Amino acid sequence: MNPTRPGVAQYVLLTLLALAFLYPIWWAISSSFKPAAEIITSPLSIGAPTLDNYRAMFADVPIGTGFANTALVLAVKGAMTMFFCPLAGYAFAKYTFPGKDLLFGVVLLTLMLPTLVLIIPLLLEMSALGWVNTYQALILPGSIDAFSIFWMRQTIAAIPDELIDAGRVDGAGEFGIFAKVVLPVIRPGMAALAVLTTMNVYNDFVWPVVAVNDTSHQTLQVVLATLAQNITGNRIGADFAAVWGELLAAGSIAMLPLLVIFVLLQRHFINGILAGSVKG
3 MNPTRPGVAQ YVLLTLLALA FLYPIWWAIS SSFKPAAEII TSPLSIGAPT
53 LDNYRAMFAD VPIGTGFANT ALVLAVKGAM TMFFCPLAGY AFAKYTFPGK
103 DLLFGVVLLT LMLPTLVLII PLLLEMSALG WVNTYQALIL PGSIDAFSIF
153 WMRQTIAAIP DELIDAGRVD GAGEFGIFAK VVLPVIRPGM AALAVLTTMN
203 VYNDFVWPVV AVNDTSHQTL QVVLATLAQN ITGNRIGADF AAVWGELLAA
253 GSIAMLPLLV IFVLLQRHFI NGILAGSVKG
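Each residue of the sequence shown is one higher than the one before, counting from 3 in this note's numbering.
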């Protein structure tokens, strides 16, 4: 018997843990299709499915605007992160230049700063530039962040220098080496960074709620945070059960994109986590 092979008890334990984590998600989605009154009176029952909560939610809440704004911010901000951070990580991992260690140390020091400490300086900067209530304020701050640079530096540092030297011997330019030699090797790390960036941008709430107070620029998380106010404000006399039904409907729709992305990219994400853990 192989002592390293998982036993039946371990599989049972892992299955129970998976069910415990998945049950709240299943309950939220299934309850969003129940009549609003049953969510309060019979929260664990399975009633006849209905789309009333979704119809009411779309009528009361501008969730479509939130999705559109989040998609725009995610596309542009994610593209900037995925383009510039690997280049910076490549420079820190494979190049030697004066002040490299000092500069990389400064980058790492910024990881120690809490987000709340940076909000006021960033807001004053956005105000001086006239970017408050604009997409620039939502996209540019944090698009090239210290963690992504560090992640890419650790991933690229594991690439043997001989591969890069072979590219130079073949006459490839520096960007050619990066595109044809480095990028194919670090694809798992890039996939993991893409998943982490998507989660961070998609779930970001603090900065969007500070930088934008215009409803036309609100991201999904800001819309969800003010969802109960929008429901009660748009529909006089909305009861507690109706608010809960629409909250569950909006939450179910909001969680689906991240679930789909993680399911599709989970193998690359895990491989990227392991690749990024290699010390360079």
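By construction, the Cβ of each residue, glycine as well, lies at the ideal position given by its N, Cα and C atoms.
As the structure is a computational prediction, the values presented were derived from the model and not from experiment.
{"Asked": "Three-state secondary structure assigned by DSSP to residue 282", "Found": "Because the pLDDT at residue 282 is just 44, under 50, the model does not fix this residue reliably, and the point stays unresolved."}
{"Asked": "Residue environment, residue 164, which counts as buried when at least 16 other CB atoms sit within 10 Å", "Found": "exposed"}
{"Asked": "Alpha carbon of residue 169 to alpha carbon of residue 144, nearest angstrom", "Found": "33 Å"}
{"Asked": "Own chain residues within Cβ distance below 6 Å of residue 280, not counting five before or after", "Found": "A caution first: residue 280 carries a pLDDT of 48, below 50, which makes its placement in the model too unreliable to give a value."}
{"Asked": "DSSP-derived helix/strand/coil call for residue 142", "Found": "coil"}
{"Asked": "Span of the alpha helix (DSSP H), counted from its first residue to its last, around residue 56", "Found": "54–62"}
{"Asked": "Euclidean distance between Cα positions of residue 243 and residue 223", "Found": "22 Å"}
{"Asked": "Beta-carbon proximity list for residue 201, same chain, < 7 Å, skipping 5 on both sides", "Found": "260"}
{"Asked": "Nearest-angstrom Cα separation, counted from residue 180 out to residue 187", "Found": "10 Å"}
{"Asked": "Cβ distance (whole Å) where residue 65 is taken to contact residue 255 below 8 Å", "Found": "7 Å"}
{"Asked": "First and last residue of the uninterrupted alpha helix (DSSP H) at residue 289", "Found": "This structure does not reach residue 289, given that the chain is present from 3 up to 282, and the question cannot be answered."}
{"Asked": "Sequence-distant residues of its chain with Cβ nearer than 7 Å to residue 40 (five each side left out)", "Found": "47 and 49"}
{"Asked": "Whole-angstrom distance between residue 86 and residue 130, CA atom to CA atom", "Found": "25 Å"}
{"Asked": "Which of helix, strand or coil DSSP assigns to residue 17", "Found": "helix"}
{"Asked": "Assigned secondary structure, residue 36 (DSSP; H/G/I helix, E/B strand, else coil)", "Found": "coil"}
{"Asked": "Any 3 or more C-beta pairs closer than 8 Å across the segment 202–211 and the segment 75–92", "Found": "yes"}
{"Asked": "Cutoff 6 Å; reference residue 139; Cβ partners in own chain excluding five residues on either side", "Found": "128, 133 and 213"}
{"Asked": "Buried versus exposed call for residue 114 [16 or more other C-beta atoms within 10 Å across all chains shown]", "Found": "exposed"}
{"Asked": "Straight-line Cα distance separating residue 136 from residue 295", "Found": "Absent from the structure is residue 295, since the part of the chain shown begins at 3 and ends at 282."}
{"Asked": "Nearest-angstrom Cα separation, counted from residue 67 out to residue 27", "Found": "24 Å"}
{"Asked": "Residue 282 versus residue 268: straight-line alpha-carbon distance, rounded", "Found": "Note that residue 282 scores a pLDDT of 44, beneath 50, so its modelled location is shaky; the value from the coordinates is reported in the next line. The alpha-carbon atoms of residue 282 and residue 268 are separated by roughly 24 Å."}
{"Asked": "Same chain, Cβ closer than 7 Å to residue 29, five either side skipped, listed in chain order", "Found": "none"}
{"Asked": "Per-residue burial, residue 43 [other beta carbons within 10 Å of its own, 16 or more giving buried]", "Found": "exposed"}
{"Asked": "Reference residue 207, options 196, 89, 225 and 216, closest by Cα", "Found": "225"}
{"Asked": "Assumed close pair residue 33, residue 45 - CB separation to whole angstroms, cut-off 8 Å", "Found": "7 Å"}
{"Asked": "For residue 167, three-class secondary structure by DSSP", "Found": "helix"}
{"Asked": "Rounded separation between residue 17 and residue 9 - CA only", "Found": "13 Å"}
{"Asked": "Helix, strand or coil at residue 207 [DSSP, three-state]", "Found": "coil"}
{"Asked": "Euclidean distance between Cα positions of residue 121 and residue 258", "Found": "29 Å"}
{"Asked": "Between the CA atoms of residue 53 and residue 112 - distance to the nearest angstrom", "Found": "47 Å"}
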